[in-house]
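Engineer: Provided herewith is a single structure, encoded as structure tokens, for subsequent inquiry.
Protein chains: 4
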Amino acid sequence: MLDFEAALARVEGRLGLIPDSAARTIEDGVAAAADAFDGETIARAARTSGTIAIPLVDLLRDQVRARDPGAATYVHWGATSQDVVDTALVLCIARSREILATDHRRLGGALRKLSDQHADTVMLARTLLQPASPTTFGLKAAGWLAMISRSWARLVDASAAALVLQFGGASGTLAALDARGPEVASGVARELGLADPGAPWHAHRDRLAAFAAACGIYTGAIGKMARDVSLLMQNDVAEAAEPGGSSSSMPHKRNPAGSATILAAATRMPGLVSSFLAAMPQEHERGLGGWHAEAPLLSAIVQTTGAAVAAAADVSENLTVDRDRMRANIGATNGVVFAERAMVLLAPVLGRDAASRLIRAAIEVAGREGRRFCETLAAEPEVQAALPSGELATLDSPEAYLGAAEHFRRRLLDG
Amino acid sequence: MLDFEAALARVEGRLGLIPDSAARTIEDGVAAAADAFDGETIARAARTSGTIAIPLVDLLRDQVRARDPGAATYVHWGATSQDVVDTALVLCIARSREILATDHRRLGGALRKLSDQHADTVMLARTLLQPASPTTFGLKAAGWLAMISRSWARLVDASAAALVLQFGGASGTLAALDARGPEVASGVARELGLADPGAPWHAHRDRLAAFAAACGIYTGAIGKMARDVSLLMQNDVAEAAEPGGSSSSMPHKRNPAGSATILAAATRMPGLVSSFLAAMPQEHERGLGGWHAEAPLLSAIVQTTGAAVAAAADVSENLTVDRDRMRANIGATNGVVFAERAMVLLAPVLGRDAASRLIRAAIEVAGREGRRFCETLAAEPEVQAALPSGELATLDSPEAYLGAAEHFRRRLLDG
Amino acid sequence: MLDFEAALARVEGRLGLIPDSAARTIEDGVAAAADAFDGETIARAARTSGTIAIPLVDLLRDQVRARDPGAATYVHWGATSQDVVDTALVLCIARSREILATDHRRLGGALRKLSDQHADTVMLARTLLQPASPTTFGLKAAGWLAMISRSWARLVDASAAALVLQFGGASGTLAALDARGPEVASGVARELGLADPGAPWHAHRDRLAAFAAACGIYTGAIGKMARDVSLLMQNDVAEAAEPGGSSSSMPHKRNPAGSATILAAATRMPGLVSSFLAAMPQEHERGLGGWHAEAPLLSAIVQTTGAAVAAAADVSENLTVDRDRMRANIGATNGVVFAERAMVLLAPVLGRDAASRLIRAAIEVAGREGRRFCETLAAEPEVQAALPSGELATLDSPEAYLGAAEHFRRRLLDG
Amino acid sequence: MLDFEAALARVEGRLGLIPDSAARTIEDGVAAAADAFDGETIARAARTSGTIAIPLVDLLRDQVRARDPGAATYVHWGATSQDVVDTALVLCIARSREILATDHRRLGGALRKLSDQHADTVMLARTLLQPASPTTFGLKAAGWLAMISRSWARLVDASAAALVLQFGGASGTLAALDARGPEVASGVARELGLADPGAPWHAHRDRLAAFAAACGIYTGAIGKMARDVSLLMQNDVAEAAEPGGSSSSMPHKRNPAGSATILAAATRMPGLVSSFLAAMPQEHERGLGGWHAEAPLLSAIVQTTGAAVAAAADVSENLTVDRDRMRANIGATNGVVFAERAMVLLAPVLGRDAASRLIRAAIEVAGREGRRFCETLAAEPEVQAALPSGELATLDSPEAYLGAAEHFRRRLLDG
């Protein structure tokens, strides 16, 4: 907020809209106000004024008045509370994006590495939480990365579009600055490193809403990875694990603390985004309540996104993957997950209905007797007649039934 | 769904993956299945299978089997339920977008016209539901248009990115098609007029989430317009009105039915979007529950968006604007809304504190005695000494205090 | 809606507020209107009027006018659109509650039976998706039941409180009925089997909001059960299973279709509830938009609740539980889940820090060498000195470390 | 959290489960830990452990160990992290409820007083933001009060039900305490002033969800009042006003800061509640992510509720009501809001269709010529023939068309 007031004074002084000496005194006052700033005092005062801008401007004006009473006249010249508050919000987004970007890069790098290392690591695909024909962990990690990367690109686009100055004065016309308003606006935008949107956007909150939604989608994308990691880390699955944290009661436990943080973030986000959207139909030239709901929401949205990506970077950089267990878990299905493959081989020869009947019978036997599915299937004379025996012997080789897994993996990494 | 099955058979026939005659029979079966299709039967069957794809494929296979039992083997060849359902969902989005676009064009055209017609129509700006210095209705309408247009552009981008084929087979590797999967995928995408995303996206729902969010923001943007219209249409304000509907009990009433429809849509949307985001952390290669939540949500999201934009087009095409009442409502403030202007004139001469004291006193007198603010102010000797009397006489002329309103209006229309 | 109009005419006729013959003709008209009723026509007409009440009343009046033009005057006498629509909504809730109750009873009965059957069935507790010391499946099912039962009790209370007549006339004063309004209200309430709330509640939506929230919590409670079932049904866990549905591509699969339906409902619900709450701050004596958002929301809320409880009843009535696998999965941890028990025994003797060091070492050895935790622990001389060897031999007996499981189970069933 | 640990030690000491001296040392340690407590340190440490309980227990154990190493063994004896964290959360709710109750009493008292003072104050009812036949401000305030009171009663009930001890140990069986668990539980509950729920509720979050929802409904109810106040305070309506705050740019403005705070709260709440509901389907005996999402949500929910009720108490205690303007705004409609009354008088005599035609014509003339509706209506010969002229002369007397307003007002206050 003080950066805005300083930039405003600087530009108005330069353009001769306020005395040059006043502009300089205001800059000094800004530095002093930053020292004197006390968040709690500002917040309490805002309860009666309805905005933190008023006590902030009062604080600044007091500092300026103490230096030069005449200069105090020109504090906040031509601006309104919303100009200060919204621009400050936008500047906070700009800063937070850098922090998010650092963790995002860590996360992206770690996932790419995991995917490359495990391009050949076969594992069960699982659909509706049931075992399906195999995939690779490399493809799985590539899928996480691609979803997270697309979502990050949206977040970057949305924040770039939202990083615009707010400056419209009392009614969104900058009337107090006569015809010079747009000139001041572009100057202040430049000073603050923001884009000049061409017109104020007091009650037009779509840019911020798009940023909020992009944060929500990005966090949801990270949440998908955490869901998978937490499921893979179950003791009964044990295919991958994050370092995790300890337990206060059970010495043996290794809790997926990173996944918990991410899933908690992914649980909180949708509600925060919905509140932001609900605030959009704001009244006339400055909303009542809807506007006031936004700042705590955006703060929670950015913090929650940050918690998710930081934890995700830690999880992915430290994820251990157990290739042997992955292969063993395929084996533990007795090969019934290759039933689709059997169907593809048998149906063209025997017809779908006959093939289906034989396969279901073999699945049933394999399950009841704990035998390999391909063996029980090969024991059927109809099957022997239909297929060369060699083809059935390798039916349950994961490597032989990966289809386009590697092709897809590369496409996903190429983004 | 049937379009997907037909395209799949066509492409697989063309590539020699299934017999050409089977492909042709399947196409015939699709036509017959479309005739035999009964939504309720499919829906009931889906309660046990967990997906509408299975009874749909059964229906199709029955039709094909009746024509050629051998061809029935090749129905749905290499595909999985999610491929059918998701691609069908995407095709529905494609169709709905055309409907939305038609209404959006009407809305955009009407708002541009309103803005141009009322470039000079002065009215009170209202901030926090209180009167502020004047603006123009042209600027107000331009603000609506710009927000709605930006939001539409996001919706178009998001839907373009979401209009991609889903095709991954049982586990997202297209293993049943061996190495030919990607070739089939690009062929099917072309047949259906969709983009080929390069890899399946079974549990990666960010593209759809981005589309859902864009619909939410667009509806929120339209909701802002409806909020304003409904407030302007209050009997005590009476500055603008939509045609509205009648009342079942009160013959005199003209209810803002269009605004009600829009605001109802804007109220429902944030929750729908949040549910979509909450569904994102889907398990492994196909989600359980999260995926199943999406179809009714997307259907409600698109319908709600459509209700909003259709009503908004009607409202904006038929909005009546009362210029005289707008000017009269400025007058009814006794000109106190020009207090900021008085401050801009007086503060540089008298100092902010003295100016503020005089202005507050004049506001108080104007309110108590029902006199024009600029007259009560001009009666003060200090003010007379500070300003030429002519300047105060026109203090409350709306046209003289519009600042960059027209500049901003043009910038907003230029988009 | 027609029930309301008939009851209104009947009561007003009885009280002499409208001619007795008119009342009888209106009752005839209601029967005819029910036959002539066409939902789509009503819905389309409502787009201009903003409410379905107006075309409905028009339809009824036409039917009455055709019988007796004079009687048409007294259709809807003293009522307003919202009276009809809200009362009809409340009547729909009353009917739907019976349907929900039937499935809820099935669910409750099945869970109680499961809990009793498995009072002694030991299984791993799992916290943060990691194995913990044992519990019983009986306690787990009792926990589901208790949570679902408490939530049902809230739903019953909330719907009882919401089943009240809406009747306030144009402005909520029943002015058109002079002083007789309250008398008519209590008569109409009685006719419809609803409570008379004592005053209209046009823009006071808390009772409906409480019902919506109770549905949301009830569905969330059922969702917890479905989450657990779907996790227990994972192939790698295999401790319980619902019958499930088949797959369109993989013959071996048994998809948890019931859990999917429930989890989809639990995913959709929170957003629906939030939209309902967001609609609460309705304007003055009848809301604009907020009120209009409610009917589709309530409809979706009730349907979604119904989908969840129906599927949950099916799942619980048909759940298979694998006691052997539950015990085997405890064993597969090598007994490290009894580390807490070892701590409880050793810490008082050796001190917490020494005990902790020994236990962690034993866990590490057990994991690395695949040996039983209690054996590796017993091999330590310090441990042998501290504890009688018999105590360690049964350290990993699940039955010996269930604490108050059965006590808690009974308390939960007693509710 | 420390209160829980102290109570646990006290009870376990009393029951002889831990040495009496250890219990006393732990109590001393609690006091020391409270002094040494540093929120930020605890929070940072929780990032790796996934819960604030672990660093808190470590802190306490260090304090105890420094006093008596042997006693450190018995810190947190038999408990798990969730027991500490959940019980602490519940204790926070208990404290916050007292604060909420104080403001709620202020609010209720002020609204009752407003309602009584304005039992006879006539004003326009407004439906769909359009003027309707009159009501009284007393009835309006009573409606606010009744909705807020019902919602408060729900909040009180829900919090009473939620104020229960959490105590289940590692797996929800209290196995570490052997058969003594339930006895310890009831003792700890008594110490902390909480109810003993009979069994732990680790992953059964319905009670907290019901509390969260009740806060949401209560805040929505207050939001309805704020919506009305902010609309009544519009300059063009000017029927009521809260004290409000000032503007940073416009000296004349009086912003409804209290209503803004309330409406902001009502905008944020639904999303927070929905996130809480979304977190309900928690895994097995302790949720991963869902549980972790709750604490920041509940904190935001309680704070937001508190902000709303505090502001509402201030607004209602300081609301100014302008009876004259209320009457004048009725008059400004030219009496067309009494069209329903005219219909009630004329329709029985002339038939509804003829009456409707005459009334609509009179409304049209009244609007075009700015004359009183009852005069233009009385000028019609058909009307003169139908009604005694006296009846029409007082047609637009608000007091004569209030129906059961006062009856309803009293019923609502009796609540």
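Residue numbers (the numbering used here), protein chains in the order written: chain A, 3 to 417; chain B, 3 to 417; chain C, 3 to 417; chain D, 3 to 417. Heads up, the beta-carbon is just placed ideally off N, CA and C, and yes, glycines get one too.
1. Tell me whether B/Met125 sits in a helix, a strand or coil according to DSSP, three-state version.
2. Can A/Ala281 and A/Arg207 be called in contact, C-beta distance under 8 Å?
3. With 8 Å as the threshold, decide whether the Cβ of D/Gln386 is near any Cβ in chain C.
4. Keeping to the same chain, check which residues put their C-beta closer than 6 Å to that of D/Gly80; ignore five residues upstream and five downstream.
5. Please report how far the alpha carbon of D/Ala34 lies from the alpha carbon of D/Ile20, in whole angstroms.
6. By Cβ distance, which residues of its chain are closer than 6 Å to A/Leu274, with the 5 residues on each side in sequence left out?
7. Once DSSP output is grouped into helix, strand and coil, what is the label at A/Ala144?
8. Against chain C, does D/Val231 count as a neighbour if the rule is that its beta carbon must be under 8 Å from one of theirs?
9. Does A/Thr335 come within less than 8 Å of chain C when only Cβ atoms are used?
10. Using a Cβ distance threshold of 8 Å, determine whether the segment 374-394 of chain C contacts the segment 348-361 of chain C, with at least three qualifying pairs required.
11. Take every Cβ of the segment 323-339 of chain C, pair it with every Cβ of the segment 118-137 of chain C, and state whether three or more of those distances are shorter than 8 Å.
12. Quick check on D/Gly247: does DSSP put it in helix, strand or coil?
13. For the segment 69-78 of chain A against the segment 90-110 of chain A, do three or more pairs of beta-carbon atoms, one drawn from each stretch, fall closer than 8 Å, so that the two count as touching?
14. For B/Asn320, would you say it is in contact with chain D, using Cβ-to-Cβ distances shorter than 8 Å as the test?
15. Which residue wins for smallest C-alpha separation from C/Val311, given the options C/Asp60, C/Ala187, C/Ser261, C/Gln65?
16. Starting from the C-beta of C/Ala8, find all residues in its chain whose C-beta is less than 6 Å away, skip the five residues before and the five after it, and write them out in chain order.
17. D/Gly41: which of D/Pro400, D/Ser51, D/Pro57, D/Gly52 sits nearest, CA to CA?
18. Would A/Phe340 and A/Phe375 qualify as a contact pair, given that the criterion is a beta-carbon distance under 8 Å?
19. So, with DSSP's three-state summary, where would you put B/Asn331?
20. Note down, in chain order, every chain C residue with its Cβ under 8 Å from the Cβ of D/Gln284.
21. Quick test of your reading: A/Ala215 and B/Ile219, contact by CB under 8 Å. State the CB separation rounded to the nearest angstrom.
22. Using only CA atoms, which one of A/Pro272, A/Glu193, A/Arg327 lies nearest to A/Glu14?
23. Between which two residues does the beta strand (DSSP E) containing A/Thr53 stretch?
24. Which of helix, strand or coil does DSSP assign to B/Pro202?
25. Rounding to the nearest angstrom, what Cα-Cα distance links D/Ala154 and D/Gly195 in this structure?
26. Rounded to the nearest angstrom, what separates D/Ala266 and A/Ala164 at their Cα positions?
27. In whole angstroms, what is the alpha-carbon distance linking D/Val158 and D/Leu93?
28. Which residues mark the beginning and the end of the alpha helix (DSSP H) in which C/Ala314 is found?
29. I'd like the span of the alpha helix (DSSP H) that includes D/Pro133, first residue to last.
30. Do the segment 127-139 of chain C and the segment 282-295 of chain D make contact, defined as three or more Cβ pairs closer than 8 Å?
31. Once the 5 residues before and after C/Ile54 are set aside, which same chain residues still bring their CB inside 6 Å of it?
32. Can you tell me whether C/Arg69 is helix, strand or coil according to DSSP?
33. Nearest-angstrom Cα distance between A/Gln277 and D/Leu234?
34. Please list the partners that C/Glu7 has in chain D, where partner means a Cβ-to-Cβ separation under 8 Å.
35. Starting from C/His409, find everything on chain A with Cβ-Cβ shorter than 8 Å and list it in chain order.
Structural biologist: Taking the structure as given:
1. Along the second sequence, one-based indexing puts residue 125 of chain B at 123. Here DSSP, grouped into helix, strand and coil, assigns B/Met125 to strand.
2. On the first sequence, residue 281 of chain A is found 279 positions in, with the first residue counted as 1. On the first sequence, residue 207 of chain A is found 205 positions in, with the first residue counted as 1. Yes.
3. On the fourth sequence, residue 386 of chain D is found 384 positions in, with the first residue counted as 1. Chain C, which has no Cβ nearer than 8 Å to the Cβ of D/Gln386, makes this no.
4. By 1-based counting over the fourth sequence, the position of residue 80 of chain D is 78. The residues are Gly171, Ala178, Leu179.
5. Position 32 of the fourth sequence, counting from 1, holds the residue named residue 34 of chain D. Position 18 of the fourth sequence, counting from 1, holds the residue named residue 20 of chain D. Spanning the two alpha carbons is a distance of roughly 20 Å.
6. Residue 274 of chain A sits at position 272 when you count from the first residue of the first sequence. Once the five neighbours on either side are set aside, the close Cβ partners of A/Leu274 are Leu299, Ala302, Ile303.
7. Here residue 144 of chain A corresponds to residue number 142 of the first sequence, with the count starting at 1. Helix at A/Ala144.
8. One-based indexing of the fourth sequence puts residue 231 of chain D at position 229. So, not an interface residue.
9. Against the first sequence, residue 335 of chain A aligns to sequence position 333. Yes, because at least one Cβ of chain C sits closer than 8 Å to the Cβ of A/Thr335.
10. Yes: at least three Cβ pairs fall under 8 Å.
11. yes
12. Taking the fourth sequence and counting its residues from 1, one reaches residue 247 of chain D at position 245. D/Gly247: strand per DSSP, three-state reduction.
13. no
14. Here residue 320 of chain B corresponds to residue number 318 of the second sequence, with the count starting at 1. Not an interface residue.
15. Mapped onto the third sequence, residue 311 of chain C falls at position 309. Selected option, being the one with the closest Cα: C/Ser261.
16. The residue given as residue 8 of chain C occupies position 6 in the third sequence. If we look at C/Ala8 and ignore the five residues flanking it on each side, its Cβ neighbours are Glu29, Val32.
17. On the fourth sequence, residue 41 of chain D is found 39 positions in, with the first residue counted as 1. Looking only at D/Pro400, D/Ser51, D/Pro57, D/Gly52, the smallest Cα-Cα distance to D/Gly41 is reached by D/Pro57.
18. Indexing the first sequence from 1 puts residue 340 of chain A at position 338. Indexing the first sequence from 1 puts residue 375 of chain A at position 373. Yes, they are a contact pair.
19. Taking the first residue of the second sequence as 1, we reach residue 331 of chain B at position 329. Here B/Asn331 sits in helix by DSSP.
20. Residue numbering aside, residue 284 of chain D sits at position 282 when the fourth sequence is read from its first letter. The contacting residues are Lys226, Arg229.
21. By one-based count along the first sequence, residue 215 of chain A stands at place 213. By one-based count along the second sequence, residue 219 of chain B stands at place 217. With 8 Å as the limit, A/Ala215 and B/Ile219 qualify as a contact, their Cβ atoms being about 7 Å apart.
22. Indexing the first sequence from 1 puts residue 14 of chain A at position 12. If you compare the alpha carbons of A/Pro272, A/Glu193, A/Arg327 with that of A/Glu14, the shortest gap goes to A/Glu193.
23. Position 51 of the first sequence, counting from 1, holds the residue named residue 53 of chain A. Segment: none, A/Thr53 is in no beta strand (DSSP E) and carries neither H nor E.
24. Residue mapping note: residue 202 of chain B aligns to position 200 of the second sequence, counting from 1. Three-state DSSP puts B/Pro202 in coil, outside helix and strand.
25. The residue given as residue 154 of chain D occupies position 152 in the fourth sequence. The residue given as residue 195 of chain D occupies position 193 in the fourth sequence. Reading off the sequence, residue 154 of chain D comes out as Trp, not Ala. Cα to Cα, the separation comes out at about 22 Å.
26. Here residue 266 of chain D refers to the residue found at position 264 when the fourth sequence is read from its first residue. Here residue 164 of chain A refers to the residue found at position 162 when the first sequence is read from its first residue. Computed Cα separation, rounded: 22 Å.
27. The sequence position of residue 158 of chain D within the fourth sequence is 156, counting from 1. The sequence position of residue 93 of chain D within the fourth sequence is 91, counting from 1. Whole-angstrom Cα-Cα distance: 15 Å.
28. Within the third sequence, residue 314 of chain C is the residue found at index 312, counting from 1. Segment 292-319, the alpha helix (DSSP H) holding C/Ala314.
29. The residue you call residue 133 of chain D lines up with position 131 of the fourth sequence. Where D/Pro133 is concerned, there is no enclosing alpha helix (DSSP H), although the beta strand (DSSP E) it sits in stretches over 132-138.
30. Contact between the segment 127-139 of chain C and the segment 282-295 of chain D is present, because at least three Cβ pairs lie under 8 Å.
31. Reading the third sequence from its first residue, position 52 is the one you call residue 54 of chain C. Around C/Ile54: Ile44, Ala48.
32. Residue 69 of chain C sits at position 67 when you count from the first residue of the third sequence. Here C/Arg69 sits in helix by DSSP.
33. The residue labelled residue 277 of chain A in the question sits at position 275 within the first sequence. The residue labelled residue 234 of chain D in the question sits at position 232 within the fourth sequence. The question names Gln, but residue 277 of chain A is Ser in the sequence shown. In a straight line, the C-alpha of A/Ser277 is about 25 Å away from that of D/Leu234.
34. What you label residue 7 of chain C is simply residue 5 of the third sequence in a count that begins at 1. What C/Glu7 touches in chain D: nothing, since even the nearest Cβ is about 15 Å away.
35. For the purposes of this step, residue 409 of chain C is taken as residue 407 along the third sequence, with counting starting at 1. Per Cβ cutoff of 8 Å: no residues; C/His409 is ~19 Å from chain A at best.
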